[in-house]
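A.B. asks:
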Amino acid sequence: MKQVLLNLLSNALKFTPEGGRIDVRAAVDGDRAEISVTDTGLGIAPEDLEAVFEEFRQVGTAAKKVEGTGLGLAISRKFIELHGGKIWVKSQAGKGSTFAFTLPLAN
Numbered sequence: 001m002k003q004v005l006l007n008l009l010s011n012a013l014k015f016t017p018e019g020g021r022i023d024v025r026a027a028v029d030g031d032r033a034e035i036s037v038t039d040t041g042l043g044i045a046p047e048d049l050e051a052v053f054e055e056f057r058q059v060g061t062a063a064k065k066v067e068g069t070g071l072g073l074a075i076s077r078k079f080i081e082l083h084g085g086k087i088w089v090k091s092q093a094g095k096g097s098t099f100a101f102t103l104p105l106a107n
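The numbers in our numbering rise by one with no breaks, and the one at position 66 of the sequence shown is 66.
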C-alpha cells in the first residue's frame with residue numbers, strides 16, 4: 001500500500017501546477033479502507049481515463065513533458081487487485097483528478 005500511495009502522490013505532484021492543491025484522505029467503510037489522492041492539476045480527458053492503468057501508457061499532451069515509464073499506475077492496479085482491492089480514477093480535464101483505492105481490512 002505504501003508504494004501505491006507514493007505513486008499516486010508522485011503523479012499528483014508531477015501534474016499539479018505550482019499553487020495547486022493536493023489532498024489525501026483515508027476512511028474506513030465497513031470491512032474496507034478507502035484512500036484517495038485528489039489534485040487540482042491538469043486532469044484527464046474522459047476518453048483517456050481507462051488507459052491510465054495500462055502498461056507503458058501516458059495520456060494527454062502534458063505526459064510527454066513529464067518523466068516516467070508509464071508503469072506506475074499499472075503496477076499499482078495489479079498490487080491493489082492482488083490484495084483484494086479496487087482502484088479507480090475520476091477526473092475532469094483542466095480541473096484535476098481523484099485517484100482512489102480500497103483494500104480489505106485485516107481481521
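All C-beta atoms, glycine included, are put in the ideal place defined by N, C-alpha and C.
Report buried or exposed for K64, applying the criterion of at least 16 other Cβ atoms within 10 angstroms of its Cβ.
C.D. replies: Looking up residue 64 in the sequence shown gives position 64. With a pLDDT of 46 at K64, under the threshold of 50, the predicted position of this residue should be treated as unreliable, though the coordinate-derived value follows. Its Cβ having fewer than 16 others within 10 Å, K64 is exposed.
A.B. asks: Drop a sphere of 10 angstroms on the beta-carbon of R25, count the other beta-carbons inside from all chains shown, and report buried for 16 or more, exposed for fewer.
C.D. replies: Here residue 25 is taken as the residue at index 25 of the sequence shown, counted from 1. Note on R25: under 16 other CB atoms within 10 angstroms of its CB, so exposed under the neighbour-count rule.
A.B. asks: Among the residues of its own chain, which have a CB less than 6 Å from the CB of K86, if the five just before and after it don't count?
C.D. replies: Position 86 of the sequence shown, counted from the first residue, corresponds to residue 86. T102.
A.B. asks: Going by DSSP in three states, A100 sits in which element: helix, strand or coil?
C.D. replies: One-based indexing of the sequence shown puts residue 100 at position 100. Of the three classes helix, strand and coil, the one that applies to A100 here is strand, per DSSP.
A.B. asks: Can you give me the start and stop residues for the alpha helix (DSSP H) that R21 sits inside?
C.D. replies: Position 21 of the sequence shown, counting from 1, holds the residue named residue 21. Unbroken run through R21: none, as it is neither H nor E.
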